[in-house]
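Reviewing the structure listed below.
Number of protein chains: 2
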Amino acid sequence: MVSLAPWRSSLSHALHRNRKPFARYFQLATIGMDGIPANRTVVFRGFVDGTNQIKIITDSRSQKYDQIRTRSHGEICWYFTDTREQFRIAGKLILVDKDTPTDDDFKLLRDRTWQDLSESARLQFIWPNPGKKRNPNDDFTVDPPNPNQPVDNFCLLILNPLKVDHLQLRGNPQNRYLYECDEFNNWSVVEVNP
Amino acid sequence: MVSLAPWRSSLSHALHRNRKPFARYFQLATIGMDGIPANRTVVFRGFVDGTNQIKIITDSRSQKYDQIRTRSHGEICWYFTDTREQFRIAGKLILVDKDTPTDDDFKLLRDRTWQDLSESARLQFIWPNPGKKRNPNDDFTVDPPNPNQPVDNFCLLILNPLKVDHLQLRGNPQNRYLYECDEFNNWSVVEVNP
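First to last, the sequence lines map onto chains A and B. In terms of the numbering used here, the first sequence is numbered consecutively and its last residue is 192. In terms of the numbering used here, the second sequence is numbered consecutively and its last residue is 192.
Here you go:
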């Protein structure tokens, strides 16, 4: 079991003090198929138990799925509006999809993540293809999918953090800490100028 | 004079309906010097008059300055918490710094943007080098810089939008529109699946 990184207590604290539902939204940057940056809001689905890995979900029909298959680096920018602090979390992304071997621990986690979703979240995975031209005849009022068995295009996305930049805008001057993970999975921290 | 793009009215509407100060914060993704994505919160400073160009400011000592000099593409992700809608604005970034020729219209705009900043915003540009190791002896209690004349490291950053993806989470199903700009600066729009 990996020990929790030193930035985890600051992040827990921020989550505790920012309790609006949108405090669990953050922006994930990846690199598009054309090599230019892509950026979108996604929902924090918690950490993989006993690790520093961040859970997100996505649809294998989405652009980010193809982007991440091609280039696995990503950076989360997570701004907390109440406490006015930002966490930039950079790392590598792991896609856990229908083709992940069943003996992979993440495959079971994909099932559990699907089961834990709300029905409205699950419904989006059986809606018409996201990002394609909308057809007024397309049916969005479909029956909910099986809550126990993920649909094929449901994908668990895991960010394995390697670098965390924590900026607190409150305070004069502001406070900023840079955390880095070495090859032995040890985290170091240095206080830097805001 | 460029006519205003069709997504501008939706964005104005969102800005009008989301009046908290943080509604003017968005996340800007660029590509790092190492080729991996970078993502941070920046402040919307309005549009360049009569255009669709978005004003941001930065410090030439920051990482994004070097990143943008090397690769000028960026994507803004702007999520409005009250109305639950997202604008993804992709385009090319233009740096307007001390070396921009004085006969360039943007150079004058750099001066005006500096003059319009609050004193606390201006102060950050004379603080010790951002991102460098903090030295407890460093002085952050400096006298404010000249409000009329930008300091050398002050940089105006302009995003010239080429593509806008507008997602409204309210509504069942959600609504999503994709705007694109052609080489003649004409915008088209298509409704796509959320």
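For each residue, glycine too, the CB sits at the ideal point set by N, CA and C. For clarity, every value in this text was computed on a predicted model and none was experimentally measured.
Taking C-beta pairs closer than 7 Å, name the residues in chain A that residue i reaches, listed in chain order.
i	result
glutamine 25 of chain B	Gln25, Asn37, Cys75
lysine 131 of chain B	Val188, Val190
phenylalanine 138 of chain B	Pro171
arginine 86 of chain B	Asn37, Arg38
What does a CB cutoff of less than 7 Å around residue i pick up in its chain, not counting 5 residues either side in sequence?
i	result
asparagine 158 of chain A	Gln51, Gly89, Lys90, Ile92
valine 149 of chain B	Phe123, Ile124, Pro143
proline 171 of chain B	Pro192
serine 58 of chain A	Asp95, Asn151, Cys153
arginine 6 of chain B	Asn50
leucine 9 of chain A	Phe85
In chain order, what residues of the same chain have a beta carbon less than 8 Å from the beta carbon of residue i, not counting five sequence neighbours either side?
i	result
leucine 121 of chain B	Val140, Pro142, Pro143
aspartate 64 of chain B	Met31
arginine 108 of chain A	Val94, Asp95, Thr98, Pro148, Phe152, Cys153, Leu154
arginine 69 of chain A	Thr28, Ile29
When burial is assigned at 16 or more other CB atoms within 10 Å of the CB, is residue i buried or exposed?
i	result
valine 46 of chain B	buried
arginine 86 of chain B	buried
histidine 11 of chain A	exposed
threonine 56 of chain A	buried
asparagine 146 of chain B	exposed
asparagine 191 of chain B	buried
histidine 14 of chain B	exposed
proline 4 of chain A	exposed
threonine 100 of chain A	exposed
proline 128 of chain A	buried
valine 41 of chain B	exposed
lysine 231 of chain B	Residue numbering for chain B in the displayed model covers -1 to 192; residue 231 of chain B lies beyond these limits and cannot be assessed.
glutamate 181 of chain B	exposed
glutamate 83 of chain A	buried
arginine 132 of chain B	buried
Closer than 8 Å by beta-carbon distance: list the chain B residues that pair up with residue i, in chain order.
i	result
glutamine 147 of chain A	Under the 8 Å cutoff, chain B gives no residues; its nearest Cβ is about 23 Å from glutamine 147 of chain A.
asparagine 127 of chain A	Asn191
Taking residue i as the query, report the chain A residues whose CB atoms sit under 9 Å from its CB, ordered along the chain.
i	result
phenylalanine 20 of chain B	Tyr77, Thr79, Arg82
For residue i, which residues in chain B fall below 7 Å Cβ to Cβ?
i	result
isoleucine 29 of chain A	Ile29, Pro35
histidine 71 of chain A	Ile34, Pro35
By Cβ distance below 6 Å, which residues in the same chain neighbour residue i in space, the five residues on each side in sequence not counted?
i	result
cysteine 179 of chain B	Leu160, Trp185
glutamine 25 of chain B	Asn37, Thr39, Cys75
tyrosine 175 of chain A	His164, Val187, Glu189
asparagine 245 of chain A	The requested residue 245 of chain A is not part of the displayed model; chain A covers only -1 to 192.
serine 60 of chain B	Pro128
aspartate 114 of chain A	none
Under the assumption that residue i contacts residue j (Cβ atoms under 8 Å), give the Cβ distance between them as a whole number of angstroms.
i	j	result
threonine 79 of chain B	asparagine 16 of chain B	7 Å
alanine 27 of chain A	alanine 27 of chain B	4 Å
glycine 169 of chain A	proline 35 of chain B	Not a contact, Cβ separation roughly 28 Å.
arginine 43 of chain A	lysine 53 of chain A	4 Å
tyrosine 77 of chain A	tyrosine 177 of chain B	Not a contact, Cβ separation roughly 25 Å.
Contact criterion: CB-CB distance below 8 Å. Does residue i meet it with respect to chain C?
i	result
leucine 9 of chain B	You won't find chain C in this structure, because its protein chains are A and B.
Going residue by residue through the segment -1 to 65 of chain A, where are the continuous alpha helix (DSSP H) segments of at least 4 residues, counting only ones entirely within it?
Counting whole runs of 4 or more residues, the segment -1 to 65 of chain A contains the alpha helix (DSSP H) stretches 6 to 15.
Threshold first: 4 residues or longer. Then list the alpha helix (DSSP H) segments lying entirely within the segment 58 to 141 of chain A, N to C.
Runs found: 61 to 68, 103 to 114, 117 to 121.
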